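Student: In my numbering, the protein residues as written are 1461 to 2002.
Even for Gly, the Cβ is constructed at its ideal location relative to N, Cα and C.
All values derive from a computational prediction rather than experimental measurement.
Questions regarding the structure given below will be posed in turn.
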């Protein structure tokens, strides 16, 4: 049994516990105060529709988003993020153990410190509820188990761990389809190393393949029952749709550096590049390769390059390659250990400066996102404010409790909801925010009428709303009024054509820092006349 008091007496262990605890406390504070965004709230709707998989993503985000809601019974930004807070801490522990296995505990501690500073990892993977969170957890678990398997007792002999790696890669795929890239890169590493190539012909890899297939069977089952919709939707993002745009390629790279923080991201890319050069030079000179570095390179570089190439013809979200960047940061940590030994003062100046600047930026951004600290027109704004809500995209993060209270405080709205059979919205983007606001108000079903309806296409049938009365709620930011008439976007059909009548009920102004930053409209929609067209999804009983 672990003697925690004795364990904590070791300075290295105190540093380890301090980094993990400090990061958890910081992320918890942000998770409580940061208003909810589109994607996070949308994944809350997953928890209302349990299924084997979903149109947008595999199923694990349904579990990670639901953990806090199911444990507390409350629906707010903190509860939907609670699973992420806990799981990301587990990801960091697996990451630390993987680096310690590949190199040593000192490099592992430096690596843990570096990734704990990178803003996008802290926010997108450590605070927000996203499919990337379970992906990263099983990615790092795979990295750790692969390090134990491939760099344990020598000479190498395949063991039962290969089968467990198949399980972990399958679970990574249940987090996000990027897990398939992880599996492909592991195979690439084994092919590139004569010492580890034998694993590909061992019985264990057959068992690993079977376990992998069984693990991803929920996704396969759902897709096979729904015209392979999720696979077609996600794979379509990787298909070129025109001439290659080198400006987008360069801009995407620069954005990644900003999100990683330039003083960390640029050295990271430089170190990866230098290690690649050493690997190719070693192969040409037939010198002994450093296989631990090769494993790290295989699990980072191809994936970074894949998304960099895709960025030239498709939008690449900053989070997509970040699991690979996090893996590659192991090489930066190994290099930083040399800097620490040779130039200790410069090393600490670098780390402290990064930590101070990054946390100062957090301290500046959070009050604005939560309270409009720099919002023009706000009586509480610092220096009178300088950001107008008209150009400030952060106003898309809304206080769902404010929206909920406004709905409850309007007798007309509550009466309309009570008389309705269902509620609908005209865009899937803010649908999750509306669903969270409606949580304690009604159990009436929520759907979406638009050409891009994502998961809503599989949570109901197009015909089931015909003949029923509804309440239409939407944000002016997303053309709530234009969607009613002929001014609707070319991809959508005017909503008035589908109901006997649509009449306004109330207007809800949402405020931040005392200033109206969003306006929501509520309408009654009487007797739906015909199904709203769907480009995909369930359109009939058959």
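Give the single residue among 1562, 1776 and 1755 whose Cα lies nearest to the Cα of residue 1638.
Tutor: 1776
Student: Mind checking residue 1980: buried by the 16 CB within 10 Å criterion, or exposed?
Tutor: By the neighbour-count rule (16 or more Cβ atoms within 10 Å), residue 1980 is buried.
Student: Is DSSP giving residue 1958 helix, strand or coil here?
Tutor: Three-state result, residue 1958: helix.
Student: Quick check on DSSP: helix, strand or coil for residue 1923?
Tutor: helix
Student: According to DSSP, simplified to helix, strand and coil, what is residue 1775?
Tutor: The answer is coil: DSSP assigns residue 1775 none of H, G, I, E or B.
Student: Which residue wins for smallest C-alpha separation from residue 1963, given the options 1984, 1944, 1976 and 1969?
Tutor: 1984
Student: Going by DSSP in three states, residue 1706 sits in which element: helix, strand or coil?
Tutor: Note: residue 1706 maps to helix in three-state DSSP.
Student: Terminal residues of the continuous alpha helix (DSSP H) containing residue 1764?
Tutor: 1761 to 1770
Student: Which of the three DSSP states, helix, strand or coil, is assigned to residue 1980?
Tutor: strand
Student: Smallest Cα separation from residue 1517: which of 1622, 1593 and 1875?
Tutor: The residue with the shortest Cα to Cα distance from residue 1517 is 1593.
Student: Run through the segment 1848 to 1924 for me and flag every whole beta strand (DSSP E) of 3 or more residues, listed as ranges in chain order.
Tutor: 1882 to 1885 and 1906 to 1908
Student: Rounded to the nearest angstrom, how far is the Cβ of residue 1759 from that of residue 1645, given a contact under 8 angstroms?
Tutor: 5 angstroms
Student: Go to residue 1556, then tell me how far its alpha helix (DSSP H) extends in each direction, as first and last residue.
Tutor: 1537 to 1562
Student: Going by beta-carbon coordinates alone, are residue 1826 and residue 1732 separated by less than 8 angstroms?
Tutor: no
Student: Could you tell me whether the Cβ atoms of residue 1823 and residue 1973 are closer together than 8 angstroms?
Tutor: no
Student: Quick check on the burial criterion: 16 or more other C-beta atoms within 10 angstroms. Buried or exposed for residue 1710?
Tutor: exposed
Student: Sort out for me which residues DSSP pairs residue 1932 with in a bridge.
Tutor: 1884 and 1983
Student: Go through its chain and collect everything with a Cβ distance to residue 1961's Cβ below 7 angstroms, but skip five positions before and after it.
Tutor: Same-chain partners within the cutoff: 1986.
Student: Enumerated in chain order, which unbroken segments of the alpha helix (DSSP H) with a length of 4 residues or greater are wholly contained in the segment 1661 to 1690?
Tutor: Taking 4 residues as the minimum length, the alpha helix (DSSP H) runs contained wholly in the segment 1661 to 1690 are 1663 to 1675 and 1677 to 1685, in order along the chain.
Student: Please look up how many angstroms separate the CB atoms of residue 1515 and residue 1689, rounded, as I've assumed it's under 8 angstroms.
Tutor: 6 angstroms
Student: For residue 1855, which of 1977, 1923 and 1781 has the nearest alpha-carbon?
Tutor: 1977
Student: Bridge partners for residue 1967 per DSSP, in chain order?
Tutor: BP columns for residue 1967 point to 1981.
Student: Using three-state DSSP, classify residue 1617 as helix, strand or coil.
Tutor: Looking at residue 1617 - three-state DSSP - the assignment turns out to be coil, as it is neither helix nor strand.
Student: Count the other CB atoms, across all protein chains shown, that sit within 10 Å of the CB of residue 1564; report buried if there are 16 or more and exposed otherwise.
Tutor: Under this definition residue 1564 is an exposed residue.
Student: Is residue 1835 buried or exposed, if buried means 16 or more other CB atoms sit within 10 Å of its CB?
Tutor: Around the Cβ of residue 1835, a 10 Å sphere holds 16 or more other Cβ atoms; the residue is buried.
Student: Rounded to whole angstroms, what's the CA-CA distance from residue 1749 to residue 1736? Just pull it up for me.
Tutor: Taken atom to atom, the span from the alpha-carbon of residue 1749 to that of residue 1736 is near 11 angstroms.
Student: Would DSSP call residue 1782 helix, strand or coil?
Tutor: helix
Student: Taking DSSP's pairing of strands, which residues face residue 1496 in a bridge?
Tutor: 1858
Student: In whole angstroms, give me the CA-to-CA distance for residue 1999 and residue 1921.
Tutor: 5 angstroms
Student: Are there three or more Cβ pairs, one per stretch, closer than 8 angstroms when the segment 1899 to 1918 is compared with the segment 1876 to 1887?
Tutor: Yes, they touch.
Student: Label residue 1761 either buried or exposed according to how many other C-beta atoms from any shown protein chain fall within 10 Å of its C-beta, with 16 as the threshold for buried.
Tutor: buried
Student: Step through the CB atoms of chain C and report whether any lies within less than 8 angstroms of the CB of residue 1967.
Tutor: In summary, chain C is missing from the structure at hand, where a single protein chain is found.
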